[in-house]
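Trainee: Next up is a structure, given as structure tokens.
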């Protein structure tokens, strides 16, 4: 054993394949049944039995998992690892930017991550790009998980996931504020992460970091939920029985006043200055219920956020009005133009 191996034996692929075949036969399972349970094709299971090394790691793990040769890790632990890796990646990408650069969100940010919990189809990262394009929700001018078309900003495959970072660009100042310097990651296994700054911090009519809009978080939470519902339909083998575990975090809230700014027609009374700096809410939701129960699903995310500003007992009708306002928008053409 190599002195640098740390006590871990070398990976013996033929022996692992032989053990998988032995266990399959012991359970009186056919190749076809094994392939179906693993979610792979018959040719793939045949290639596996031949110990071919052309299989993707994901497919091999799915095959080995069926016969108990993969130590299971909970979905929650896997998502936590994905989020930590994504956040660390963003920190590394932005560490050389100026301390006050909008790309570092110096006055706060919000973060969305979600995981599809169900039997997700086995796809390659390059195919994920097409599914993400279909899942974009065009009800806001800058949708989550948008796919820029410019070569220098296009989403790229990094370590088996798709990644997009929109760094500040002096040549494009109109999209170089905190609200447009997105960083996101998406995994073919149905795991997504996005971090973004606030629109309120790029306005000339009031100082940055002083207000928090009452309507924008409703729109963004709804947008995240709808995106998850759309992507689940595309990725899950049985979308009607799949769940979505979603978490939304806000930071940089302390000292901001809750105001109706982004939607001039919003009727809103109340709200005070936040004395708390952050809030995180996590929920597990049936993906099939998202579109028809959007108001009820937005409420548990928005109420803890509003409470930071002294607002309690949010009326569902207020959420309904904002969601209807959002749904009337169709920014498909504008989103396409900004992606160029």
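Residue numbers (the working numbering): 5 to 344.
Cβ coordinates follow ideal geometry from the N, Cα and C atoms, glycine included.
Please read these numbers as outputs of a predicted model, since none were measured by experiment.
By DSSP, does residue 75 sit in helix, in strand, or in coil?
Mentor: In the chain shown, residue 75 corresponds to position 71, counting from 1. In the structure shown, residue 75 sits in coil (DSSP, three-state: anything other than H, G, I, E or B).
Trainee: Cβ of residue 256 within 8 Å of Cβ of residue 314?
Mentor: In the chain shown, counting from the first residue as 1, residue 256 sits at position 252. In the chain shown, counting from the first residue as 1, residue 314 sits at position 310. Not a contact, by the Cβ cut-off of 8 Å.
Trainee: Between the alpha carbons of residue 346 and residue 265, how many angstroms are there, rounded?
Mentor: Residue 346 cannot be examined here, being either before or after the span of the chain that is shown, 5 to 344.
Trainee: Looking at the structure shown, is residue 301 part of a helix, part of a strand, or coil, going by DSSP?
Mentor: Residue mapping note: residue 301 aligns to position 297 of the chain shown, counting from 1. Helix.
Trainee: Quick one: residues in its chain with C-beta nearer than 7 Å to the C-beta of residue 107, no 5 flanking neighbours on either side, listed in chain order?
Mentor: Along the chain shown, read from residue 1 onward, the residue named residue 107 stands at position 103. Cβ within range, chain order: 98, 101, 171, 172, 185.
Trainee: Using CA coordinates, which residue listed in 254, 289, 45, 27 is at the minimum distance from residue 69?
Mentor: Translated into the one-based positions of the chain shown, residue 69 becomes position 65. Comparing Cα-Cα distances from residue 69 to each of 254, 289, 45, 27, the minimum goes to 27.
Trainee: How many angstroms separate the CA atom of residue 24 from the CA atom of residue 71?
Mentor: Stepping through the chain shown from its first residue, residue 24 is reached at position 20. Stepping through the chain shown from its first residue, residue 71 is reached at position 67. Between residue 24 and residue 71, the alpha-carbon positions lie close to 6 Å from each other.
Trainee: Nearest-angstrom Cα distance between residue 55 and residue 239?
Mentor: Stepping through the chain shown from its first residue, residue 55 is reached at position 51. Stepping through the chain shown from its first residue, residue 239 is reached at position 235. Approximately 28 Å between the Cα atoms of the pair.
Trainee: Residue 305 and residue 287: beta carbons closer than 8 Å?
Mentor: Position 301 of the chain shown, counted from the first residue, corresponds to residue 305. Position 283 of the chain shown, counted from the first residue, corresponds to residue 287. Taking 8 Å as the Cβ cut-off, residue 305 and residue 287 qualify as a contacting pair.
Trainee: Between the alpha carbons of residue 270 and residue 261, how many angstroms are there, rounded?
Mentor: Taking the first residue of the chain shown as 1, we reach residue 270 at position 266. Taking the first residue of the chain shown as 1, we reach residue 261 at position 257. Using only the alpha carbons, I get a separation of about 16 Å.
Trainee: Return the first residue and the last residue of the beta strand (DSSP E) that residue 116 is part of.
Mentor: Locating residue 116 in the chain shown gives position 112, where the first residue counts as 1. Element bounds for residue 116: 114–121.
Trainee: From 157, 166, 192, 193, pick the residue whose C-alpha is nearest to that of residue 179; which is it?
Mentor: Residue numbering aside, residue 179 sits at position 175 when the chain shown is read from its first letter. Closest by alpha carbon: 157.
Trainee: Does the pairing of the stretch 117–125 with the stretch 193–202 give three or more beta-carbon distances under 8 Å?
Mentor: Yes, since at least three Cβ pairs between the stretch 117–125 and the stretch 193–202 fall closer than 8 Å, the two stretches touch.
Trainee: Report yes or no: do the stretch 131–143 and the stretch 226–244 share at least 3 C-beta pairs separated by less than 8 Å?
Mentor: yes
Trainee: Within 10 angstroms of its Cβ, does residue 228 collect 16 or more other Cβ (buried), or is it exposed?
Mentor: Counting from 1 along the chain shown, the entry for residue 228 is found at position 224. The residue is buried, with at least 16 neighbouring Cβ atoms inside 10 Å.
Trainee: DSSP beta-bridge partners for residue 291?
Mentor: As a first step, residue 291 is located in the chain shown; it is residue number 287 there, counting from the start. None, per the DSSP bridge assignment.
Trainee: Ends of the beta strand (DSSP E) at residue 330?
Mentor: As a first step, residue 330 must be located in the chain shown, where it is residue number 326. That residue, residue 330, is in no beta strand (DSSP E); its alpha helix (DSSP H) goes 320–331.
Trainee: Would you kindly report the start and end of the unbroken alpha helix (DSSP H) that includes residue 149?
Mentor: Taking the chain shown and counting its residues from 1, one reaches residue 149 at position 145. Residue 149 -> no alpha helix (DSSP H), and no H or E assigned at all.
Trainee: Taking only the alpha-carbon atoms, compute the straight-line gap between residue 281 and residue 309 and give it to the nearest angstrom.
Mentor: By one-based count along the chain shown, residue 281 stands at place 277. By one-based count along the chain shown, residue 309 stands at place 305. Residue 281 and residue 309: Cα-Cα distance of roughly 10 Å.
Trainee: Quick check: the Cα distance between residue 34 and residue 49, rounded to an integer number of angstroms?
Mentor: As a working mapping, residue 34 is identified with position 30 in the chain shown. As a working mapping, residue 49 is identified with position 45 in the chain shown. Distance between the alpha carbons of residue 34 and residue 49: 10 Å.
Trainee: I'd like to know whether the C-beta atoms of residue 219 and residue 89 end up nearer to each other than 8 Å.
Mentor: As a first step, residue 219 is located in the chain shown; it is residue number 215 there, counting from the start. As a first step, residue 89 is located in the chain shown; it is residue number 85 there, counting from the start. Not closer than 8 Å, so no.
Trainee: Helix, strand or coil, according to DSSP, for residue 21 in the structure here?
Mentor: Within the chain shown, numbered from 1, the residue matching residue 21 stands at position 17. DSSP places residue 21 in helix when its eight states are reduced to three.
Trainee: Alpha carbons only, please: which of 311, 63, 168 is nearest the one belonging to residue 127?
Mentor: For the purposes of this step, residue 127 is taken as the residue at position 123 of the chain shown. For residue 127, the nearest C-alpha among the options comes from 63.
Trainee: Taking the alpha-carbon of residue 2 as reference, which of 318, 166, 328 has the nearest alpha-carbon?
Mentor: Outside the shown range of the chain, which is 5 to 344, sits residue 2, and nothing can be said about it.
Trainee: Can you tell me whether residue 247 is buried or exposed? The criterion is at least 16 other CB atoms within 10 Å of its CB, across all chains shown.
Mentor: Taking the first residue of the chain shown as position 1, residue 247 is located at position 243. Answer is buried; the Cβ neighbour count reaches 16.
Trainee: Contact check, residue 277 vs residue 259 under 8 Å by CB: the rounded distance?
Mentor: For the purposes of this step, residue 277 is identified with residue 273 of the chain shown, where counting begins at 1. For the purposes of this step, residue 259 is identified with residue 255 of the chain shown, where counting begins at 1. The pair is a contact, with the Cβ atoms about 6 Å apart (cut-off 8 Å).
Trainee: For residue 134, does the count of other Cβ atoms within 10 angstroms reach 16, so buried, or fall short, so exposed?
Mentor: Sequence index remark: in the chain shown, residue 134 carries index 130 (1-based). Result: exposed.
Trainee: Between which residues of its own chain and residue 221 is the CB-CB distance below 7 Å, once the five residues before and five after are set aside?
Mentor: For the purposes of this step, residue 221 is taken as residue 217 along the chain shown, with counting starting at 1. These residues qualify, in order along the chain: 306, 309.
Trainee: Buried or exposed for residue 233, going by 16 or more other Cβ atoms inside 10 Å?
Mentor: Start at 1 with the first residue of the chain shown, and residue 233 comes out as number 229. By the neighbour-count rule (16 or more Cβ atoms within 10 Å), residue 233 is buried.
Trainee: To which residues of the same chain is residue 323 closer than 8 Å at the C-beta, ignoring the five residues directly before and after it?
Mentor: Here residue 323 refers to the residue found at position 319 when the chain shown is read from its first residue. Taken in chain order, the residues that qualify are 222, 299, 302, 303, 306.
Trainee: If distances are taken between C-alpha atoms only, which option among 297, 292, 253 comes closest to residue 284?
Mentor: Taking the first residue of the chain shown as 1, we reach residue 284 at position 280. Measuring from the Cα of residue 284, the nearest candidate turns out to be 253.
Trainee: Measuring only the C-alpha atoms, how far is residue 93 from residue 153?
Mentor: Along the chain shown, read from residue 1 onward, the residue named residue 93 stands at position 89. Along the chain shown, read from residue 1 onward, the residue named residue 153 stands at position 149. In this structure, the CA atom of residue 93 is about 22 Å from the CA atom of residue 153.
Trainee: Under 8 Å by Cβ, that's how I've got residue 250 and residue 289 pegged, so tell me the actual separation to the nearest angstrom.
Mentor: Counted from its first residue, the chain shown places residue 250 at position 246. Counted from its first residue, the chain shown places residue 289 at position 285. Confirmed, about 7 Å.
Trainee: Are there 16 or more other CB atoms within 10 angstroms of the CB of residue 15, so buried, or fewer, so exposed?
Mentor: In the chain shown, counting from the first residue as 1, residue 15 sits at position 11. Looking at its Cβ environment, which holds fewer than 16 other Cβ atoms inside 10 Å, residue 15 is exposed.
Trainee: Span of the alpha helix (DSSP H) holding residue 170?
Mentor: Reading the chain shown from its first residue, position 166 is the one you call residue 170. Careful: residue 170 lies outside any alpha helix (DSSP H) and carries neither H nor E.
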